[in-house]
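Quick note: the sequence shown uses this note's numbering, first residue 9, plus one each step. So the structure is just underneath, and the comments pick up after that.
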Amino acid sequence: MDPVIVIGAGIAGIAAARTIGAAGLPVVVLERGRNVGGRMAVRTTGERVVDIGASYFTVSDPRFEAVVQDWQRSGLARPWTDTFHLFDAARLSTKSGPMRWSAPTGLRSLVADLAVGVEVRCQQVATVAPGLRVDQLPTAAVVLAMPDPQARRLLHPEFAALAAELDDDFEPALALVAAWSRQCWNEVDGVFVSDDPTLTWVADDGRRRGDQAPVLVAHSTPNFANEHLAEPVQGTGAMLAALQRVLDIDEPPVSTSVHRWSFAHPASTRTSTYLLTEAMVGVCGDAWSNRPRVEAAYLSGVELGEAIADRLG
Ligand SMILES: Cc1cc2nc3c(=O)[nH]c(=O)nc-3n(C[C@H](O)[C@H](O)[C@H](O)COP(=O)(O)OP(=O)(O)OC[C@H]3O[C@@H](n4cnc5c(N)ncnc54)[C@H](O)[C@@H]3O)c2cc1C
Numbered sequence: 009m010d011p012v013i014v015i016g017a018g019i020a021g022i023a024a025a026r027t028i029g030a031a032g033l034p035v036v037v038l039e040r041g042r043n044v045g046g047r048m049a050v051r052t053t054g055e056r057v058v059d060i061g062a063s064y065f066t067v068s069d070p071r072f073e074a075v076v077q078d079w080q081r082s083g084l085a086r087p088w089t090d091t092f093h094l095f096d097a098a099r100l101s102t103k104s105g106p107m108r109w110s111a112p113t114g115l116r117s118l119v120a121d122l123a124v125g126v127e128v129r130c131q132q133v134a135t136v137a138p139g140l141r142v143d144q145l146p147t148a149a150v151v152l153a154m155p156d157p158q159a160r161r162l163l164h165p166e167f168a169a170l171a172a173e174l175d176d177d178f179e180p181a182l183a184l185v186a187a188w189s190r191q192c193w194n195e196v197d198g199v200f201v202s203d204d205p206t207l208t209w210v211a212d213d214g215r216r217r218g219d220q221a222p223v224l225v226a227h228s229t230p231n232f233a234n235e236h237l238a239e240p241v242q243g244t245g246a247m248l249a250a251l252q253r254v255l256d257i258d259e260p261p262v263s264t265s266v267h268r269w270s271f272a273h274p275a276s277t278r279t280s281t282y283l284l285t286e287a288m289v290g291v292c293g294d295a296w297s298n299r300p301r302v303e304a305a306y307l308s309g310v311e312l313g314e315a316i317a318d319r320l321g
């Protein structure tokens, strides 16, 4: 039997591949980047990692909870906080919510853990064609585990009907990482920034990581990102100024860097958790959820994997 080909080694693609593999079917993951993880990405400076994509994750479904408990037992994930701050009308207040989980060595390490035993090849896929072929490789089924705009452009014109269903254009974001020589702001874990033209969110990465390093990560609004997508670094000044205003910081950082996410978040939600056509082309990821998040992407991958295993089994 030809293997199932999963395109994309984010948490959804890896969850799908594990599920298909666990059903005894041959499966291979093709990933264009050098690492697994997708939007659960880190940047490494020296020995230290910083989460530059997803900031944390929450847990509500027992299937995901079981995986998270394994991560906690092995020290890969830890409960971070249930209390963030809110910056609104130039004031900070606290806001409680569900437990947010972080990963001491970065969220990407969690996807790497799920990928143990899964064959992942570094390959940028160009076309999914009828037959069924992925860049000429014959396959029993294909999984597109990525944002809609990235999935749409892989589909051969004969899959026009499917392409038309992948209509979520996703919103962009910029992530600013700024490091200081010492902590010069009052203690916060994270801050939701309300009604600001530049920022939506700030995380204290030292507290998130547990090493107390004086490093902050700020995420931009979609509009701000759209204005700076071509030259993200030109957004540094405005993002830094907004960050310093939110946390009342008057010292300059010792270093900054900006990361561009062209497809950061789905712009809308869906009620179905995956899509699988008669031709055995499946789509999964965080856009297949009414709460697009890490947990939803994982569950979407698992459910599509089960559906493919059912049909092929
Ligand atoms: C800035 C930011 C902040 C976020 N904050 C949070 C948060 O705090 N909490 C939370 O729960 N979620 C958060 N998220 C969302 C979370 O990261 C996603 O929901 C989740 O990681 C999506 O996983 P995925 O597997 O669906 O997609 P992705 O992680 O995007 O994986 C898709 C993979 O497909 C690969 N790929 C694409 N095209 C090709 C191709 N042609 N060939 C081969 N490979 C390809 C990509 O390289 C990528 O690895 C955030 C995301 C961003 C960007």
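The beta-carbon is built from N, C-alpha and C at its ideal position, and this holds for glycine as well.
Along the beta strand (DSSP E) that carries residue i, what are the first and last residues, could you check?
i, result
"Ala-250", "No beta strand (DSSP E) contains Ala-250, which is instead part of the alpha helix (DSSP H) from 244-255."
"Trp-296", "Neither: Trp-296 is in no beta strand (DSSP E) and is coded neither H nor E."
"Pro-205", "Per DSSP, Pro-205 belongs to no beta strand (DSSP E) and is neither H nor E."
"Thr-66", "Here Thr-66 belongs to no beta strand (DSSP E), and DSSP marks it neither H nor E."
"Asp-213", "Taken as a continuous stretch (DSSP letters only), Asp-213 belongs to no beta strand (DSSP E), being part of the alpha helix (DSSP H) at 213-217."
"Glu-39", "35-39"
"Thr-89", "86-96"
"Pro-106", "99-110"
"Thr-279", "Counting along the chain, Thr-279 falls outside any beta strand (DSSP E), and DSSP gives it neither H nor E."
"Arg-51", "50-53"
"Pro-138", "Counting along the chain, Pro-138 falls outside any beta strand (DSSP E), and DSSP gives it neither H nor E."
Should residue i be listed as close to ligand 1, given that the test is whether its C-beta is under 6 angstroms from any heavy atom?
i, result
"Ser-280", "no"
"His-236", "no"
"His-392", "Examination of residue 392 is not possible in this model, given that the chain is present from 9 through 321 alone."
"Ser-322", "The requested residue 322 does not occur in the structure, where the chain is confined to residues 9 to 321."
"Gly-41", "yes"
"Gln-80", "no"
"Asp-294", "yes"
"Arg-26", "no"
"Ala-211", "no"
"Ala-187", "no"
"Ile-13", "no"
For the putative contact between residue i and residue j, defined by C-beta atoms under 8 angstroms, what is the C-beta separation to the nearest angstrom?
i, j, result
"Tyr-64", "Ser-110", "5 angstroms"
"Cys-292", "Ala-24", "6 angstroms"
"Met-247", "Leu-307", "Not quite, the Cβ-Cβ distance comes to about 32 angstroms (not below 8 angstroms), so this is no contact."
"Gly-45", "Ala-153", "So it is not a contact: roughly 12 angstroms between Cβ atoms."
"Asp-156", "Ala-287", "Their Cβ separation, rounded to whole angstroms, is 18 angstroms, which puts Asp-156 and Ala-287 out of contact at 8 angstroms."
"Val-310", "Arg-71", "7 angstroms"
At the level of alpha carbons, what is the spacing between residue i and residue j?
i, j, result
"Arg-56", "Gly-218", "12 angstroms"
"Thr-135", "Val-142", "6 angstroms"
"Thr-285", "Ser-276", "22 angstroms"
"Ala-186", "Val-196", "15 angstroms"
"Asn-298", "Arg-278", "5 angstroms"
"Pro-87", "His-236", "34 angstroms"
"Ala-272", "Arg-47", "8 angstroms"
"Ala-123", "Gly-32", "16 angstroms"
"Asp-176", "Gln-158", "11 angstroms"
"Phe-167", "Thr-147", "16 angstroms"
"Arg-161", "Phe-232", "25 angstroms"
"Glu-104", "Ala-149", "Sequence check: residue 104 is Ser here, not Glu. The alpha-carbon atoms of Ser-104 and Ala-149 are separated by roughly 43 angstroms."
"Val-262", "Asp-203", "28 angstroms"
"Gly-245", "Thr-206", "11 angstroms"
"Val-241", "Ala-250", "15 angstroms"
"Leu-94", "Arg-319", "47 angstroms"
"Phe-200", "Val-37", "35 angstroms"
"Ala-97", "Pro-222", "26 angstroms"
"Thr-264", "Pro-112", "21 angstroms"
"Val-133", "Ile-15", "7 angstroms"
"Asp-213", "Ala-172", "39 angstroms"
"Leu-140", "Gln-220", "51 angstroms"
"Pro-300", "Phe-178", "11 angstroms"
"Glu-73", "Gly-54", "32 angstroms"
"Thr-27", "Val-12", "11 angstroms"
Grab the span of the alpha helix (DSSP H) containing residue i for me, first residue to last.
i, result
"Asp-156", "156-160"
"Pro-271", "The sequence shown places Phe at residue 271, rather than the Pro named in the question. Note, Phe-271: premise wrong, no alpha helix (DSSP H); beta strand (DSSP E) at 263-273."
"Leu-312", "302-320"
"Asp-121", "116-122"
"Leu-237", "Segment: none, Leu-237 is in no alpha helix (DSSP H) and carries neither H nor E."
"Thr-27", "19-30"
"Glu-173", "168-173"
Go through its chain and collect everything with a Cβ distance to residue i's Cβ below 7 angstroms, but skip five positions before and after it.
i, result
"Arg-42", "Cys-130"
"Thr-89", "Arg-108, Asp-197"
"Leu-170", "Leu-163, Thr-285, Val-289"
"Val-302", "Ile-19, Met-48, Ala-62, Phe-65"
Cutting at 8 angstroms between CB atoms, please list the residues of its own chain near residue i, excluding the five before and the five after it.
i, result
"Ser-82", "Asp-121"
"Gly-29", "Val-35, Gly-125, Val-126"
"Asp-315", "Correcting the residue identity first, residue 315 is Ala in this sequence and not Asp. Excluding residues within five positions, the ones whose Cβ falls inside 8 angstroms are Tyr-282, Leu-284, Gly-290."
"Arg-216", "Asp-59, Ser-63, Tyr-64, Trp-88, Ser-110, Asp-197, Gly-198"
"Pro-180", "Pro-230, Ala-233, Asn-234, Leu-237, Arg-268, Trp-269, Ser-270, Phe-271, Ala-272"
Leaving aside the five residues before and after residue i along the sequence, list all residues of the same chain whose C-beta is less than 6 angstroms from its C-beta, in chain order.
i, result
"Gly-61", "Arg-47, Met-48, Ala-49"
"Glu-259", "Cys-192"
"Asp-10", "Pro-146, Thr-147, Ala-148"
"Leu-115", "Met-48, Asp-59, Ala-62"
"Ala-211", "Ser-63, Gly-198, Val-225"
"Leu-255", "Trp-193"
"Ile-257", "Cys-192, Trp-193"
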